[in-house]
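Residue numbers in the sequence shown follow our numbering, run continuously in steps of one, and reach 342 at the last position.
Just so you know, even glycine gets a beta-carbon here, dropped at the ideal spot from N, CA and C.
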Amino acid sequence: MKLKSVLKNLAIVLVVITASNTLAQDGFQGQAIYMSKTTIDMDNFGGREMSPERKKMIMERMKSMLEKTYILDFNKTESIYKEDEALEAPGGPGGFRMGGMSAGPVYKNVKENRLVQDQEFFGKQFLIKDSLPTLEWKMSGESKQIGKYTCFKATAIKKVDAADWTNMRRRDRNKEKKEGEETETTEVEKDSTKTDAPKDPFEEIEIPKEIEVTAWYTMDIPVNNGPGEYWGLPGLILEVNSGRTTILCSKIVMNPSDKNDIDEPTKGKEVSMEEYQETVKKKMEEMREMFRSRRGGGRRN
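1. Going by DSSP in three states, arginine 333 sits in which element: helix, strand or coil?
2. Count the other CB atoms within 10 Å of the CB of glycine 164; is the residue buried (16 or more) or exposed (fewer)?
3. In angstroms with no decimal places, state the Cα-to-Cα distance between lysine 308 and arginine 333.
4. In whole angstroms, what is the alpha-carbon distance linking glutamine 70 and aspartate 261?
5. Should glutamate 327 go down as buried or exposed, given a rule of 16 or more other Cβ atoms within 10 Å for buried?
6. Spell out the partners DSSP gives tryptophan 178 in its beta bridges.
7. What did DSSP end up calling proline 268 once you bin it into helix, strand or coil?
8. Excluding five sequence neighbours on each side, which residues of the same chain lie with their C-beta closer than 6 Å to the C-beta of phenylalanine 167?
9. Is the region 282-302 close to the region 140-157, with three or more CB pairs under 8 Å?
10. Return the Cβ separation of glutamate 270 and leucine 156 in integer angstroms, given the expectation that the two are a contact with Cβ distance under 8 Å.
11. Pick helix, strand or coil for valine 201, following the three-state DSSP scheme.
12. Considering only their Cβ atoms, is the gap separating methionine 106 from serine 291 smaller than 9 Å?
13. Could you compute how far the alpha carbon of isoleucine 74 sits from the alpha carbon of alanine 195?
14. Spell out a yes or no on whether the region 176-193 and the region 147-154 are touching, meaning 3 or more CB-CB pairs, one atom from each, closer than 8 Å.
15. Would you mind reading off the limits of the beta strand (DSSP E) that contains alanine 256?
16. Is the Cβ-Cβ distance between isoleucine 303 and asparagine 116 less than 9 Å?
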């Protein structure tokens, strides 16, 4: 038993040494291809009154938004994560978009603790510059194979920002009552019970404050990086499960012959992540007030 244990530890050391030697090469660079898929519950988006045919049609239109392919180009300290434009669905930018938001490339520099993200929001281009978001990863020791790579599990609790529509859910009124929250019916809710008044979608949905994130990383590629905003583990992150979204690596090429540039995005109004989220919140409130005004105007006629 002792001999088996020694041989196992020796194999792990050899893997780490081999991977470290690969990273030590001048001009080291890798490329990982990720498939991202988000599932949604149509009931959360007013689908309870829709026919099955209508739901199916909407889901087909949303497919290009919910299922995407991304490319992560990385070296020892930097990465750029962006959608594979070659696989963009017909219609591309003119297709279905949620809330006027369109995410661009995400640049990370783990050595300098910097994140730069290109983000479009209702026709305005923003350049988000901030420090890298930090997650307190907890290692479980659990492992599994992803392709030819041995991966290890890590979990963390992530705060959900106002722009994260993927985690929208139907508000649980019964739970709110049990927790002693305000139970009086608002004027908007009273109006929504009328047959001639549309329901306020903002009253029916909510975004959770926190969600659990599960990541699977491989020490075969010991870079402190991963898809999107994720990083901070002792190996490349190959899979992320966050709320209703799963991001899975399907291919890795080490030191590709054709290397893509890892450059920071530069276009857009420069803002911090907090400033951008405040802009999103303000816009959401404006939309809510506009909806209420239209409802009010309809009652006066």
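The structure says:
1. In the sequence shown, residue 333 corresponds to position 292, counting from 1. If DSSP states are grouped into helix, strand and coil, arginine 333 belongs with the helices.
2. Here residue 164 is taken as the residue at index 123 of the sequence shown, counted from 1. Glycine 164 comes out exposed.
3. On the sequence shown, residue 308 is found 267 positions in, with the first residue counted as 1. On the sequence shown, residue 333 is found 292 positions in, with the first residue counted as 1. Using only the alpha carbons, I get a separation of about 35 Å.
4. As a position in the sequence shown, residue 70 is number 29, starting the count at 1. As a position in the sequence shown, residue 261 is number 220, starting the count at 1. Roughly 14 Å separates the two Cα atoms.
5. Numbered from 1 along the sequence shown, position 286 holds the residue referred to as residue 327. Glutamate 327 comes out exposed.
6. By 1-based counting over the sequence shown, the position of residue 178 is 137. Answer is none; tryptophan 178 lacks a bridge partner.
7. As a working mapping, residue 268 is identified with position 227 in the sequence shown. It is coil, neither helix nor strand.
8. The residue given as residue 167 occupies position 126 in the sequence shown. The answer, listed in chain order, is Gln160, Gly309, Lys310, Val312, Tyr317.
9. no
10. Locating residue 270 in the sequence shown gives position 229, where the first residue counts as 1. Locating residue 156 in the sequence shown gives position 115, where the first residue counts as 1. Indeed, because the Cβ distance is near 7 Å, the residues count as touching under 8 Å.
11. Position 160 of the sequence shown, counted from the first residue, corresponds to residue 201. Looking at valine 201 - three-state DSSP - the assignment turns out to be coil, as it is neither helix nor strand.
12. As a working note, residue 291 is residue 250 in the sequence shown. As a working note, residue 106 is residue 65 in the sequence shown. No; because the gap between Cβ atoms is not below 9 Å, this pair is not in contact.
13. Position 33 of the sequence shown holds residue 74. Position 154 of the sequence shown holds residue 195. Approximately 21 Å between the Cα atoms of the pair.
14. no
15. Here residue 256 corresponds to residue number 215 of the sequence shown, with the count starting at 1. Note, alanine 256: beta strand (DSSP E), 251-259.
16. Reading the sequence shown from its first residue, position 262 is the one you call residue 303. Reading the sequence shown from its first residue, position 75 is the one you call residue 116. The answer is yes: Cβ separation under 9 Å.
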